[in-house]
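Chemist: Quick mapping for you: the protein sequence lines, in order, are chains W and L.
15 is the number of the first residue of the first sequence in the working numbering; add one for each residue after it.
15 is the number of the first residue of the second sequence in the working numbering; add one for each residue after it.
Note that beta-carbon positions come from the ideal geometry of N, C-alpha and C, so glycine has one too.
This one's a predicted model, so the numbers in the text were calculated from it and none came from an experiment.
There are 2 protein chains.
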Amino acid sequence: MPALSNRGQAMPPSPIRKLVPFAEEAKRQGRHVYHINIGQPDIETPECMLEAFREHHLTVLPYGHSAGLWEYRDELVKYYARFDVEVSSRDIVVTTGGSEAIVFALMAVADPGDEVIIPEPFYTNYNGFAIQAGVKIRPVTCRIEDGFKLPAPEIIEAQITDRTRAIMVCSPNNPTGYVLSDEELDGLAVLARKHDLFLFADEVYREFVYDGVTARSVLTLPDLDDRAILLDSISKRYSACGARIGCIVTRNEEVIDACLRLGQARLCPPTLEQLAAARAVHTPPEYFVRVVGEYLARRDAVFEGLRSIPGALAHQPKGAFYTMVRLPVDDADDFCRWLLSEFHVNGETVMLAPANGFYATEGLGQDEVRLAFVLNVRAMRRSMEILKAGLTAYSMRD
Amino acid sequence: MPALSNRGQAMPPSPIRKLVPFAEEAKRQGRHVYHINIGQPDIETPECMLEAFREHHLTVLPYGHSAGLWEYRDELVKYYARFDVEVSSRDIVVTTGGSEAIVFALMAVADPGDEVIIPEPFYTNYNGFAIQAGVKIRPVTCRIEDGFKLPAPEIIEAQITDRTRAIMVCSPNNPTGYVLSDEELDGLAVLARKHDLFLFADEVYREFVYDGVTARSVLTLPDLDDRAILLDSISKRYSACGARIGCIVTRNEEVIDACLRLGQARLCPPTLEQLAAARAVHTPPEYFVRVVGEYLARRDAVFEGLRSIPGALAHQPKGAFYTMVRLPVDDADDFCRWLLSEFHVNGETVMLAPANGFYATEGLGQDEVRLAFVLNVRAMRRSMEILKAGLTAYSMRD
Chain W
15 MPALSNRGQA MPPSPIRKLV PFAEEAKRQG RHVYHINIGQ PDIETPECML
65 EAFREHHLTV LPYGHSAGLW EYRDELVKYY ARFDVEVSSR DIVVTTGGSE
115 AIVFALMAVA DPGDEVIIPE PFYTNYNGFA IQAGVKIRPV TCRIEDGFKL
165 PAPEIIEAQI TDRTRAIMVC SPNNPTGYVL SDEELDGLAV LARKHDLFLF
215 ADEVYREFVY DGVTARSVLT LPDLDDRAIL LDSISKRYSA CGARIGCIVT
265 RNEEVIDACL RLGQARLCPP TLEQLAAARA VHTPPEYFVR VVGEYLARRD
315 AVFEGLRSIP GALAHQPKGA FYTMVRLPVD DADDFCRWLL SEFHVNGETV
365 MLAPANGFYA TEGLGQDEVR LAFVLNVRAM RRSMEILKAG LTAYSMRD
Chain L
15 MPALSNRGQA MPPSPIRKLV PFAEEAKRQG RHVYHINIGQ PDIETPECML
65 EAFREHHLTV LPYGHSAGLW EYRDELVKYY ARFDVEVSSR DIVVTTGGSE
115 AIVFALMAVA DPGDEVIIPE PFYTNYNGFA IQAGVKIRPV TCRIEDGFKL
165 PAPEIIEAQI TDRTRAIMVC SPNNPTGYVL SDEELDGLAV LARKHDLFLF
215 ADEVYREFVY DGVTARSVLT LPDLDDRAIL LDSISKRYSA CGARIGCIVT
265 RNEEVIDACL RLGQARLCPP TLEQLAAARA VHTPPEYFVR VVGEYLARRD
315 AVFEGLRSIP GALAHQPKGA FYTMVRLPVD DADDFCRWLL SEFHVNGETV
365 MLAPANGFYA TEGLGQDEVR LAFVLNVRAM RRSMEILKAG LTAYSMRD
C-alpha cells in the first residue's frame with residue numbers, strides 16, 4: 015500500500031471532534047450528551063437569512079465571482095462601516111468559511127518553512143491550516159492566571175525571526191473569550207511596522223462582547239493598511255455555521271490579488287449561501303441584543319457553576335462564547351473520554367474539548383478544557399453539575 | 015509593504031477567468047458576450063434539488079460531519095452502485111466542490127517537492143492546486159492530432175521518478191472531451207502497481223458520454239483498492255456549480271482518514287447544499303437523457319461550425335462538454351483578448367479560454383483554445399460564426 019505524505023500523517027485530528035466516536039457510542043447506549051465541546055450554537059439563524067433559501071428563484075445554481083458575488087460584497091461594505099471599518103468591495107474576497115480565509119491568507123504571505131506568531135491557547139484548527147500551508151506556528155503563551163491577556167511586547171518580539179511573516183490574533187478570542195485592549199493592538203501594530211510583518215486578525219466574534227467592552231477591528235488601526243488583514247466568518251454572527259461563508263478584508267491590493275488567484279483555482283464560494291448572507295446583513299439589531307443577552311446569561315450560569323467546583327480555575331471572559339477552565343485532573347484528554355464512555359448522571363453526560371490541542375507548546379493545557387456556551391441556560395447549568403459530579407467520581411476511580 | 019510569498023506570487027490567474035475584466039468592459043459597451051470560456055452550463059438544475067432549498071425546515075443552519083452528512087453519503091453509495099462502483103459510506107469524504115477533493119487528495123499523499131504525473135492538456139486549475147500543495151506536475155503530452163488519447167505506457171513510465179506519488183487522470187476529460195479506454199485504464203493500473211503509485215481519477219463528467227461510449231470508473235479496476243482514488247463533484251452532473259459539493263471516494267482507509275483530518279480543520283462542506291445534493295441523487299433518469307441529448311446536439315452544432323473554419327483543427331469528443339481547437343493564430347491568448355476588446359459582429363462577440371494554461375509544458379497550446387458547450391444550439395452555432403468572422407478579421411488587422 016502506498017504511504018501517506020508526511021503532511022497527511024501530520025494533520026492533527028480535531029481535538030474538538032476527535033472524541034465524537036465516544037459521544038456517538040454514549041448516545042447509542044441511550045445517554046444524553048450535552049455538547050459544549052464545539053462552537054455550534056443552538057441560537058436560531060436570523061429568519062431573513064433562512065427565508066432567502068426558501069424564496070430563491072434560481073433555475074440554475076451557477077458559479078459566482080471567485081472573489082464573491084458583488085451584491086454580497088457591497089452589503090459587507092455597509093456591514094463593516096457599522097464597526098468604523100471603511101473598506102470598498104474591492105478590498106474583500108469572500109471565502110468558503112473563515113477556514114478558507116485563514117488558509118488563503120497564510121498561503122498568500124508565507125512559504126513552507128516561514129513562521130507565524132500566534133498567542134496560545136489558540137483556535138485549534140490553526141494547527142491544521144499551518145500544516146496544510148507548511149507554515150510553522152511560533153506560540154507566545156498567554157496564561158490562565160493572567161486572564162489570557164497578551165504577554166509584554168518584548169516577549170512577543172523575542173519570537174520574531176527572519177522567517178516570521180505575520181502575527182496572528184483572534185479577538186474576541188476562541189478559546190479564551192479574551193478581548194484585546196487598544197494598548198495591546200497598538201503594541202502589535204508597532205511590532206508589525208518595525209519588523210515588516212503582516213498582522214492577521216480573526217474577528218469572527220466581534221458582536222459577542224459583554225460588560226461594556228468593545229472589540230476593535232485591526233482595520234481601524236492607523237498606518238497599517240498594507241499589513242492589516244481581517245479574517246472573518248458569518249458562522250457565529252448569524253449562527254450559520256453550515257453556510258460556510260467567510261471573507262478576507264484588507265486594503266493591501268497585492269494580498270487581495272493573491273487571494274483572488276487562490277480563489278480562482280477553487281472557482282467560488284457557495285452561491286445561494288452568499289445570497290442568503292447578503293440578506294443576513296439586514297438582520298435587525300434587536301436580534302443581536304437578544305443573542306448577546308442570551309450568551310451573557312449562559313456565561314454567568316457557567317461561572318456560577320464553576321465557582322462551586324473545587325480546584326477549577328477560570329477567568330470570566332468579556333467576549334465570544336467560550337471559556338478555558340483548568341481542572342483538578344492530570345490528563346484532561348483522558349477525563350473527557352472517561353466522561354463520555356464511563357460516566358453519567360441519570361443517563362446524562364457532558365462533552366468537553368480537551369485543551370492541549372489549543373496549545374502549540376508541548377505539555378501546556380494538559381489539565382485544561384474549553385467549554386462553549388452553545389446550549390441554553392438550563393443545559394449549561396446542568397452541564398456544570400455533571401462536570402462537578404464527574405470530577406468527584408473521576409478522582410475516586412481506581 | 016511586506017512581500018507576498020513565492021507561492022502567493024506563483025499562483026496563476028485562472029486562464030478561464032483572467033479575461034473576465036475584458037468581457038465586463040465589452041458588456042459595459044453594450045455588447046453581448048457568448049461565454050463559452052467557462053464550464054458554467056445554462057442547463058437547468060433538477061427541480062428536486064432546487065426544491066430542497068425552498069422546502070427546508072431548519073431554524074439553525076448548523077455544521078455537519080466533517081466527512082459529510084451521513085444521509086448524503088448514504089445516497090451517494092446508491093448513486094455509485096448505478097455505475098458498478100460498490101463502496102460504503104465510510105469510503106466517502108464529502109468536500110467543498112471537486113476542487114477541495116483534489117487539494118485534499120494531493121496533500122494526503124504528496125509532500126512539497128513530490129510529483130504527480132498528469133496527461134496534458136489538463137484542467138487548468140490543477141496547476142493552482144499543485145502550487146498550493148507544493149507538488150510538481152510532470153506532464154505527459156496528449157496531442158490534438160491523436161484525438162488526445164494517452165501516449166504509450168512506456169512514455170508515461172519514463173516520467174516516473176523517486177518523487178512520483180500519483181498519476182492523475184480526468185475522464186471524460188476537461189478540456190479535451192476524451193474518454194479513456196479500458197486498455198488505457200488497465201495500463202495505468204499496471205504502472206500504479208509496478209511503481210507503488212496512487213491513481214487519481216477526476217470523473218465529474220461521467221454522465222456526459224456520446225456515440226455509445228461509456229466512462230469506466232477507476233474504482234471498478236481490479237486489485238487497485240489501495241491505490242484508486244475517485245475525485246468527484248456534482249457541479250456538472252446536476253448543473254449545480256454554485257453548490258460547491260464534491261467528494262473523495264476510495265477504499266484506502268488511510269487516505270480516507272487523512273482526508274477526514276484535513277476536513278476537520280475546515281469543519282464541513284455547506285450543510286443545506288448537501289441536503290439538496292442528497293435529493294438530487296433521485297433526479298429522474300429522463301433528466302439525463304434530455305441533458306445528454308442537448309449536449310450532443312451542441313457538440314454537433316459546434317463541429318458543423320468548426321468544419322467551415324479554414325485552418326481550425328479539432329477532434330469531435332466522445333464525452334464531457336468541451337473541445338480543444340487549434341486555430342490559425344500564433345497567440346490564442348492575444349486573439350481571445352482581441353475578440354473581447356476590439357471585435358464584434360452586430361454587437362456580439364465570443365469569449366473563449368486560451369489553451370496555454372491547460373498545458374504544463376512551456377510553449378504548448380499557444381495556438382489552441384478550449385470551447386465549452388454551455389449555451390444552447392443556436393448560441394453555439396452563432397458563436398462559431400462569430401469565431402469564424404473573428405479569425406478572418408484578426409488575420410487582416412495591421
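Sort out for me which residues DSSP pairs GLU129(L) with in a bridge.
Modeler: Bridge partners of GLU129(L): LYS150(L) and THR178(L).
Chemist: Along the stretch 34-50 of chain W, what residues have a CB closer than 9 Å to any CB found in chain L?
Modeler: Per Cβ criterion, the list reads VAL34.
Chemist: Which chain L residues sit within Cβ distance under 7 Å of PRO284(W)?
Modeler: Here the neighbours are GLY256, ALA257, ARG258, PRO284 and GLU287.
Chemist: With DSSP collapsed to three states, give me the class of GLU356(W).
Modeler: Residue state, collapsed to three classes: coil.
Chemist: According to DSSP, simplified to helix, strand and coil, what is SER409(L)?
Modeler: Correct three-state label for SER409(L): helix.
Chemist: Do GLY260(W) and SER80(W) have their beta-carbon atoms positioned less than 8 Å apart in this structure?
Modeler: It is not a contact, given that the beta carbons lie outside the stated cut-off.
Chemist: If GLN146(W) and MET121(L) are in contact, beta carbons under 8 Å, what's the gap, nearest whole angstrom?
Modeler: At roughly 6 Å, the Cβ-Cβ gap stays under 8 Å, so GLN146(W) and MET121(L) are in contact.
Chemist: Applying the 10 Å Cβ sphere with the 16-neighbour rule, what's the burial state of ARG157(W)?
Modeler: Exposed: under 16 other Cβ atoms inside 10 Å.
Chemist: Please return the same chain residues whose Cβ sits closer than 8 Å to the Cβ of GLU399(W), not counting the five positions on each side in sequence.
Modeler: Hits under 8 Å: GLY319 and VAL359.
Chemist: For TYR77(L) and chain W, any beta-carbon pair shorter than 8 Å?
Modeler: Chain W contact via Cβ: present.
Chemist: Measure the beta-carbon distance from VAL99(L) to LEU233(L) and round it to whole angstroms, keeping in mind my assumption that it falls under 8 Å.
Modeler: Their Cβ separation, rounded to whole angstroms, is 5 Å, which keeps VAL99(L) and LEU233(L) in contact under 8 Å.
Chemist: Determine the direct distance from the alpha carbon of THR110(L) to that of GLN330(W), and round the result to whole angstroms.
Modeler: Rounded to whole angstroms, GLN330(W) to THR110(L) spans 37 Å at the Cα level.
Chemist: Would PHE349(L) pass as an interface residue toward chain W - the criterion being a Cβ-Cβ separation below 8 Å?
Modeler: No - not a single Cβ of chain W is within 8 Å of the one on PHE349(L).
Chemist: Using a threshold of 7 Å, is the CB atom of ASP105(W) nearer than that to any non-hydrogen atom of the ligand SAH?
Modeler: The model on display carries no ligand, and the ligand SAH is accordingly not part of it.
Chemist: For ARG312(W), which residues from the same chain have a beta carbon less than 6 Å from its beta carbon, with the 5 sequence-adjacent residues on both sides left out?
Modeler: The answer, listed in chain order, is PHE387, VAL391 and MET394.
Chemist: Taking Cβ-Cβ distances shorter than 7 Å, what residues in chain W pair up with GLU58(L)?
Modeler: Near GLU58(L) (Cβ distances below 7 Å), the residues of chain W are THR73 and VAL74.
Chemist: Using three-state DSSP, classify LEU194(W) as helix, strand or coil.
Modeler: Reduced to three states, the DSSP call for LEU194(W) is coil.
Chemist: My assumption, with CB atoms under 8 Å, is that ALA203(W) sits in contact with PHE212(W). Please give the rounded CB distance.
Modeler: Between PHE212(W) and ALA203(W) the Cβ distance is about 11 Å, and since that is not below 8 Å, they are no contact.
Chemist: Any beta-carbon of chain W closer than 8 Å to the one on PRO299(L)?
Modeler: PRO299(L) does not count as touching chain W.
Chemist: So, is ASP347(L) buried or exposed, given that buried needs 16 or more other C-beta atoms within 10 angstroms?
Modeler: Buried: at least 16 other Cβ atoms inside 10 Å.
Chemist: Is there contact between the stretch 274-293 of chain L and the stretch 15-30 of chain W, where contact requires at least three CB pairs shorter than 8 Å?
Modeler: The stretch 274-293 of chain L vs the stretch 15-30 of chain W: in contact.
Chemist: For ASN139(L), which residues in chain W fall below 7 Å Cβ to Cβ?
Modeler: ALA279, listed in chain order.
Chemist: Assign LYS92(W) to one of two classes, buried (16 or more other C-beta atoms within 10 Å of its C-beta) or exposed (fewer than that).
Modeler: Its Cβ having fewer than 16 others within 10 Å, LYS92(W) is exposed.
Chemist: Between PHE143(L) and ARG21(L), what straight-line distance do the alpha-carbon atoms span, to the nearest angstrom?
Modeler: The alpha-carbon atoms of PHE143(L) and ARG21(L) are separated by roughly 11 Å.
Chemist: Per DSSP, what are the beta-bridge partners of CYS156(L) in this structure?
Modeler: Answer is none; CYS156(L) lacks a bridge partner.
Chemist: Buried or exposed: which applies to GLY436(L), given that a residue is buried once 16 or more other Cβ atoms fall within 10 Å of its Cβ?
Modeler: Nothing can be reported for residue 436(L), as the shown portion of chain L is limited to 15 through 412.
Chemist: What are the residues of the stretch 132-164 of chain W that lie near chain L, defined by any Cβ-Cβ distance shorter than 7 Å?
Modeler: Going along the stretch 132-164 of chain W in chain order, one finds ASN139, GLY142, PHE143, GLN146 and GLY148 with a Cβ nearer than 7 Å to chain L.
Chemist: What whole-angstrom Cβ distance do PHE97(L) and ARG265(L) have, given they're in contact under 8 Å?
Modeler: In fact, because the Cβ distance is near 15 Å, the residues do not count as touching under 8 Å.
Chemist: Quick one: list the residues of chain W neighbouring THR110(L), beta-carbon separation under 7 Å, in chain order.
Modeler: Under the 7 Å cutoff, chain W gives THR110 and ARG258.
Chemist: In angstroms, rounded to a whole number, what distance separates the CA positions of ALA229(L) and LYS163(L)?
Modeler: In a straight line, the C-alpha of ALA229(L) is about 14 Å away from that of LYS163(L).
Chemist: So PHE212(W) contacts chain C; which residues on that side make the cut at Cβ distance below 7 Å?
Modeler: The displayed structure is made up of protein chains W and L, and chain C is not among them.
Chemist: Span of the alpha helix (DSSP H) holding ILE270(W)?
Modeler: 267-279 is the extent of the alpha helix (DSSP H) around ILE270(W).
Chemist: Taking the straight line between their C-alpha atoms, what separation do you get for GLY226(L) and PRO298(L)?
Modeler: So the alpha carbons of these two residues sit roughly 21 Å apart.
Chemist: What are the boundary residues of the alpha helix (DSSP H) that includes CYS62(W)?
Modeler: From DSSP, the alpha helix (DSSP H) with CYS62(W) extends over 61-68.
Chemist: For ARG340(W) and ALA367(W), which I take to be in contact (beta-carbon distance under 8 Å), what is that distance rounded to the nearest angstrom?
Modeler: Contact flag wrong, Cβ pair sits at about 14 Å.
Chemist: Distance check for PRO284(W) and ALA257(L), CA to CA, integer angstroms please.
Modeler: When rounded, the distance between both Cα atoms is 5 Å.
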